[in-house]
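Taking it in order: structure first as structure tokens, then the write-up.
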Amino acid sequence: MTANFKLLADYGDRLSISKEKLVEICRQWKITELALFGSILREDFREDSDIDFLVSFVPEAPQGLLTLAKIKNQLEELLNRNVDLVVKEAIQNGDNWIRRQEILNTAMTIYES
Numbered sequence: 002m003t004a005n006f007k008l009l010a011d012y013g014d015r016l017s018i019s020k021e022k023l024v025e026i027c028r029q030w031k032i033t034e035l036a037l038f039g040s041i042l043r044e045d046f047r048e049d050s051d052i053d054f055l056v057s058f059v060p061e062a063p064q065g066l067l068t069l070a071k072i073k074n075q076l077e078e079l080l081n082r083n084v085d086l087v088v089k090e091a092i093q094n095g096d097n098w099i100r101r102q103e104i105l106n107t108a109m110t111i112y113e114s
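Following the working numbering, the numbering of the sequence shown begins with 2 at its first residue and continues without gaps.
So this is what it looks like as structure tokens:
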């Protein structure tokens with residue numbers, strides 16, 4: 002499985018990240034897609050803003066609350082910032098169509114495998 006890591010130069014000052022460590026986390030947890038959404042992609046991003054991630058997994062990957070908490074902790078350690086981690090499938094199947102449309106239409110993929 003080959004990985005494709007994309008990070009727009011426009012967000013480099015907002016998201017200083019080790020490409021290798023991020024790929025390692027994604028492979029460890031069988032993540033197929035990791036995307037940014039929310040304030041990190043907008044002008045209202047601040048020093049104290051959290052970073053919102055949208056995540057997709059291979060079908061057989063564990064996706065329980067404990068797994069999500071561990072991934073969240075690893076991302077927070079990597080970024081030294083609070084992180085919100087949202088499963089893409091939950092958004093796609095959610096009842097809140099406004100939230101679904103906003104997140105899915107603005108998310109910026111930074112990792113795919």
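Yeah, the Cβ is synthetic: ideal placement off N, Cα and C, and Gly gets one too.
Note that the structure is predicted; figures quoted are calculated from it, not measured.
Cα-Cα separation, residue i to residue j
i, j, result
"residue 89", "residue 81", "23 Å"
"residue 50", "residue 44", "12 Å"
"residue 83", "residue 52", "6 Å"
"residue 60", "residue 97", "24 Å"
Reduced DSSP category for residue i - H, G, I as helix; E, B as strand; rest coil
i, result
"residue 62", "coil"
"residue 91", "helix"
"residue 40", "helix"
"residue 69", "helix"
Candidates the options: closest to residue i by CA position
i, options, result
"residue 104", "92, 112, 114", "92"
"residue 37", "68, 16, 67, 64", "16"
Own chain, CB closer than 6 Å to residue i, minus 5 neighbours either side, in chain order
i, result
"residue 85", "51, 53"
"residue 57", "33, 34, 89"
Where the alpha helix (DSSP H) containing residue i begins and where it ends
i, result
"residue 26", "20-29"
Enclosing beta strand (DSSP E) for residue i [first to last residue]
i, result
"residue 113", "109-113"
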